[in-house]
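Structure first, then comments.
Structure, rendered in structure tokens:
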């Protein structure tokens, strides 16, 4: 569960504050990778990666605070988190390309134009945009490659994804919420592989990934269209 902190501090120019921070001095932290580090309002903001989970912390040499920062109704942390998510996904593009997908391919598709649509059968945001994604693919000539990533809190999503793979269902079936019923070993293995690979760097659905490394996180159709133009 995320913890949110409202941090209201006057800006103080502290040279090299991030060089003074040692997280291990203040809390027992599992092995981690620092994805980004910058000074914000006199503190060192660090986005650390712990087993695929991005955790923001704000620290000085005397303390650390875990959570997101807000200032005058602005989400200071969120924009940086989105940039880091995109960076991590770009670094793992080759892994995404090994996963099973089913696709929608319009007649006017242009060679080399495709993107991955990482989706959950029961994701409400995916449901909201899946029809519009098809319209954009038709308009701009893109193949849509859908990879199932059923989230753990959607209990029926995983068997739906398995059945869709087992019965070789299509994008049209997805639009009509027709996933089938069959549960086969091959489908289970494919979905498990998706979960195993994606959980280390994909934090939610929908996520759209282009072969040039462009990433759109969330149901941001405006940004998706900008990338497709």
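Residue numbers (the working numbering): 1105 to 1333. For each residue, glycine too, the CB sits at the ideal point set by N, CA and C. All values reported here derive from a predicted model rather than from experimental measurement.
- Residue pairing of residue 1319 in beta bridges, as defined by DSSP: 1313.
- The shortest C-alpha to C-alpha distance from residue 1132 to any of 1168, 1147, 1174 is the one to 1168.
- Listed in chain order, the non-local C-beta contacts of residue 1181 below 6 Å within the same chain comprise 1160, 1172, 1173, local neighbours out to five positions each way being set aside.
- Cα atoms of residue 1313 and residue 1149: separation of roughly 27 Å, rounded to the nearest angstrom.
- Between residue 1293 and residue 1271, the C-beta spacing is not below 7 Å.
- Counting of Cβ neighbours within 10 angstroms places residue 1135 among the exposed residues, the total staying below 16.
- DSSP places residue 1183 inside the alpha helix (DSSP H), whose first and last residues are 1180-1195.
- At the C-beta level, residue 1227 and residue 1304 stay beyond 7 Å of one another.
- Counting along the chain, residue 1231 sits inside the alpha helix (DSSP H) bounded by residues 1228-1244.
- With respect to residue 1238, residue 1325 sits apart: the two C-beta atoms are not nearer than 7 Å.
- Between residue 1217 and residue 1190 the beta-carbon gap is near 20 Å, outside 8 Å, which marks them as no contact.
- When C-alpha distances from residue 1211 are compared across 1245, 1197, 1315, the shortest belongs to 1245.
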